[in-house]
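Peer 1:
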Amino acid sequence: MLRKYKKIQQKTCQYDKKIVNLDIRGKKSRKRKGDFMKKKAGIWAVAAAIMTIMSATAAAAEKDPVLFTFNGKDVFQSELVQRTAAYAQGGMISSDTAYREAIEYMIENQLVAEAKAAELGLDQYTDEELEALRKEADEYYEQQLDALVTYYAEQNGAELSDEEKAEFREQLKTLWEEIGTTKESAEETHIFNKTRDRLLETMEVENTEEEIQQVFEEQIEKDRTQFEDNIRMYEYFTYYQNYDVWYTPEGFRKVQQILLKVDEELTDAYKKAVDSEEGVEEAREAILEARQDTVDEIYKKFEDGAEFKSLMEEYSEDPGLDADMVENGYLVHQESAVWGAEFAAGAFSDKMQSVGDVSDPVVSKYGIQILYYLSDVPSGPVEMSDPIHESIEKYLTSQKRADMLKDWAEEYEVTYNEEALKALEEAVPEATAETQHH
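One gets the working numbering by counting positions in the sequence shown from 1 and adding 934 to each.
#1: Which of helix, strand or coil does DSSP assign to residue 1352?
#2: Give the single residue among 1309, 1295, 1279 whose Cα lies nearest to the Cα of residue 1288.
#3: Below 8 Å, how does it come out for the region 1166 to 1186 and the region 1242 to 1254: are there three or more Cβ pairs, yes or no?
#4: Going by beta carbon distance, what residues of the same chain come within less than 7 Å of residue 1047, once the five residues before and after it are set aside?
#5: For residue 877 and residue 1232, which I take to be in contact (beta-carbon distance under 8 Å), what is that distance rounded to the nearest angstrom?
#6: Check residue 1182 in the structure and name its three-state DSSP category.
#7: Quick check: residue 1293 and residue 1302, are their CB atoms within less than 8 Å of each other?
#8: Where does residue 1263 land, buried or exposed, given buried means 16+ other C-beta within 10 angstroms?
#9: State the start and end residues of the unbroken beta strand (DSSP E) segment that holds residue 1191.
#10: Can you have a look at residue 967 and say buried or exposed, based on whether 16 or more other CB atoms are within 10 angstroms of its CB?
#11: For residue 1268, name the three-state secondary structure that DSSP assigns.
#12: What separation, rounded to the nearest whole angstrom, lies between the Cα atoms of residue 1051 and residue 1156?
#13: In whole angstroms, what separates the C-alpha of residue 1321 from that of residue 1327?
#14: Could you check if residue 1011 is buried or exposed, using at least 16 other CB atoms within 10 Å of its CB as the buried criterion?
#15: Checking 8 Å against the spacing of the C-beta atoms, do residue 1099 and residue 1079 come in under that value?
#16: Work out the CA separation of residue 1359 and residue 1399 for me, nearest whole Å.
#17: What do you get for residue 1280, buried or exposed, if any count of 16 or more other CB atoms within 10 angstroms of its CB means buried?
#18: How would you write the range of the beta strand (DSSP E) that residue 1303 sits in, first residue to last?
#19: Around the Cβ of residue 1253, are there at least 16 other Cβ atoms within 10 angstroms (buried) or fewer (exposed)?
#20: Hey, would you say residue 1104 sits closer than 8 Å to residue 1270, going by beta carbons?
#21: Less than 8 Å between the C-beta atoms of residue 1257 and residue 999, yes or no?
#22: Looking at the structure shown, is residue 1060 part of a helix, part of a strand, or coil, going by DSSP?
#23: Is it buried or exposed, residue 1337, if we count other Cβ atoms within 10 angstroms and call 16 or more buried?
#24: Could you round the C-beta distance between residue 1299 and residue 1206 to whole angstroms and report it? I think they count as a contact, below 8 Å.
#25: Label residue 1054 either buried or exposed according to how many other C-beta atoms from any shown protein chain fall within 10 Å of its C-beta, with 16 as the threshold for buried.
#26: Buried or exposed: residue 1071, going by 16 or more other Cβ atoms within 10 Å of its Cβ?
#27: For residue 1295, does the three-state DSSP call read helix, strand or coil?
#28: When you compare each of 1040, 1118, 1179 to residue 1017 by their alpha carbons, which one comes out closest?
#29: Residue 1129 lies in the alpha helix (DSSP H); which residues open and close that run?
#30: According to DSSP, residue 1007 sits in a beta bridge with which residue or residues?
#31: Three-state secondary structure (DSSP) at residue 1177?
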């Protein structure tokens, strides 16, 4: 079927539609410690699924069929399968078998850009420029291999020898090559990205203050609707995902803490007592007794006029303590889920009624926590700032350029091999079932 490019109709990506335009704001740069104990086998399971699908779809045809042709350029099944997996991994499409979504994304974000850049001569490079780009791509490729080896070792608490790291690295590299992620493909991608950047720079767009303000107000309203009465969702996106949310629910306060550690035997006994609901007070008293002298010393210095911040710097044994925590403390709500129950209760106890108050010693599985009521957090929408203004401008520019690429797509002819596409889609359930069986 020969026709001008037309957007393929399909189901929308299965993302949570309640969370809208979080990409406008971006993520905070604050680092956060978390417990993400992922198994090293995960990467092999994902790879096995991709490889099974690839082998199953390859077996469904005698050769690698052309699935569609864009402006005279054939795109084969093997390339689409690999790109679909990559797009899904990057969150551009809903799954690694959403082939029609991948075709649409590929046309609008790659093929149109390649064709238009070629027309404008933006894909031409000197030998020196190409050599520099390939060197950059090679270095990044190697860095990603090293980073993955380190990541999976750290997440599994594995102490790998240099020999084991090298062996795992080679296995990972072989896997990448089998699914099409080679140094050569990385170089091609890097060069294309450079070419696309050149093209985007020629696509001049204008953003008005009215447009920027409209996006700002719309996003605030979305945040208010989403988070005003859902503290746990708010904490999930601000703490675990590190997003800048532009509406703050009512009831948050900033709380600083001094953490005193005790022997692991004492905290283990406390955790067991809490779980069994027996002997909790005895376990609590044992923890307090272990550091009573230090606790008394801290309260005495505070009563004598010492700043709590200076006491934090002197006494706190919190391994996550950094300059930001010393200055701004923790964002806590009575319904907080990211902090321990004891911490949240202590932060809103009878002793913490006004800014400047200090709690009684709080005992938890971490040890002893002495809390300080630093300030209330203003609720409602945030104010427009230079970083927010800049992020909205970038968002609008990106959206308008994407629209221009879609408009350009109408200039090119696309031929779809519907028979081959249907065969590819029908092969997916069989491949998925085989992967689940193994």
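No residue lacks a Cβ here, since even glycine has one placed at the ideal position from N, Cα and C. Given the structure is predicted, the values throughout are model-derived calculations rather than measurements.
Peer 2: Answer, in terms of the structure:
#1: Three-state DSSP puts residue 1352 in a helix.
#2: 1309
#3: no
#4: 1130, 1133, 1339
#5: It is not possible to answer for residue 877, since the shown part of the chain is limited to 935 through 1372.
#6: strand
#7: No; because the gap between Cβ atoms is not below 8 Å, this pair is not in contact.
#8: buried
#9: 1187 to 1194
#10: Low local confidence applies: a pLDDT of 35 at residue 967 is under 50, so the model's placement there is unreliable, with the coordinate-based value given in what follows. Exposed.
#11: coil
#12: Between residue 1051 and residue 1156, the C-alpha separation is close to 37 Å.
#13: 10 Å
#14: buried
#15: no
#16: Here the chain covers residues 935 to 1372 and nothing more, so residue 1399 does not appear.
#17: buried
#18: 1301 to 1310
#19: With fewer than 16 other Cβ atoms from the protein chains shown falling within 10 Å of its own Cβ, residue 1253 counts as exposed.
#20: no
#21: no
#22: coil
#23: exposed
#24: Not quite, the Cβ-Cβ distance comes to about 10 Å (not below 8 Å), so this is no contact.
#25: exposed
#26: buried
#27: DSSP places residue 1295 in coil when its eight states are reduced to three.
#28: 1040
#29: 1117 to 1136
#30: 1004
#31: strand
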